[in-house]
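So the structure is just underneath, and the comments pick up after that.
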Ligand SMILES: [Zn+2]
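Numbering (our numbering), first residue to last: 326 to 572.
Encoded structure:
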């Protein structure tokens with residue numbers, strides 16, 4: 326059986342002397358691992374389109390042993406400019422690792438794929454603040470994969486907004502000024518809360534389209550990253566590397 330789909334390579338490893346095993350986020354079937362036979366030979370016809378973060382058209386064969394083999398790959402976008410800047414590249418690699426952790430298996434993942442592609446495209450374009458791209462991508466990936474924070478209203482009294490609001494970095498719940506009874510909650514301006522609501526609730530094509538003042542952007546970045554670390558309960562090597570490069 327041959328599956329034809331487009332997808333982006335989110336992980337790669339060498340196998341044996343000659344082959345590579347790549348992990349692709351495909352549109353039709355979520356995450357798939359496939360062998361590139363002879364993929365360690367630079368002259369192999371599929372090498373260019375099967376590198377990390379390449380967005381390509383794939384023909385994938387399912388073998389009798391239930392393994393997948395990449396028969397053919399044609400690149401649609403290799404995001405060349407990413408590779409010229411180590412900070413941009415490391416952020417894109419973090420998004421690839423997050424995708425591996427959060428994206429669907431064996432089911433349609435068009436929304437997840439288009440989010441990842443938009444995020445990587447914006448990094449490579451180089452015109453938007455990387456902290457904003459990072460926070461939007463983190464919160465939206467979490468939202469798509471079942472970890473959306475509860476941002477509609479105060480978790481206690483259902484009030485929609487107050488001048489300051491308070492966010493629980495572990496549970497993802499929001500509280501108003503009057504219901505802020507726990508000193509450990511993260512204080513946020515209404516601007517930051519509105520940005521978080523925009524990221525989680527807007528149409529996919531609108532999520533990156535907003536601007537936010539510097540102080541609020543720094544709160545947004547902090548909240549998105551810490552909530553992500555807490556709710557998924559794991560460490561991300563690529564995130565640690567990105568932080569090391571940017572601090
Ligand atoms: Zn309240």
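Glycine included, C-beta positions come from ideal geometry on N, C-alpha and C.
Which one or two residues does DSSP pair with residue i in a beta bridge?
| i | result |
| --- | --- |
| residue 332 | 351, 381 |
| residue 318 | Residue 318 is absent from the structure shown; the chain starts at 326 and stops at 572. |
| residue 271 | There is simply no residue 271 to check, as the chain begins at 326 and stops at 572 in what is shown. |
| residue 398 | 383 |
| residue 391 | None, per the DSSP bridge assignment. |
| residue 361 | 345 |
| residue 327 | 386 |
| residue 473 | Answer by DSSP bridge pairing: none, since residue 473 is not bridged. |
| residue 489 | 514 |
| residue 340 | 344 |
Excluding sequence positions up to five away, which residues of its chain have a Cβ less than 8 Å from the Cβ of residue i?
| i | result |
| --- | --- |
| residue 454 | 542 |
| residue 372 | 361, 364, 366 |
According to the Cβ coordinates, are residue i and residue j closer than 8 Å?
| i | j | result |
| --- | --- | --- |
| residue 563 | residue 418 | yes |
| residue 378 | residue 407 | yes |
| residue 544 | residue 517 | yes |
| residue 501 | residue 479 | yes |
| residue 499 | residue 476 | yes |
| residue 421 | residue 356 | no |
| residue 443 | residue 533 | yes |
| residue 350 | residue 404 | no |
| residue 425 | residue 375 | no |
| residue 394 | residue 341 | no |
Between the options, which has its C-alpha nearest residue i's C-alpha?
| i | options | result |
| --- | --- | --- |
| residue 489 | 470, 475, 510, 495 | 510 |
| residue 435 | 482, 364, 331, 525 | 331 |
| residue 486 | 522, 350, 351 | 522 |
| residue 570 | 415, 456, 458 | 415 |
Could you name the residues of the same chain whose beta carbon sits closer than 6 Å to that of residue i, not counting the 5 residues immediately before and after it, in chain order?
| i | result |
| --- | --- |
| residue 466 | 423, 427 |
| residue 504 | 479, 481, 482 |
| residue 384 | 327, 329, 396, 397 |
Residues in the same chain with beta-carbon distance under 7 Å from residue i, minus the five sequence neighbours each way, listed in chain order, please.
| i | result |
| --- | --- |
| residue 339 | 345, 365 |
| residue 473 | 467, 525 |
In chain order, which continuous runs of the alpha helix (DSSP H) of length 4 or greater are located wholly inside the stretch 492–552? 515–526
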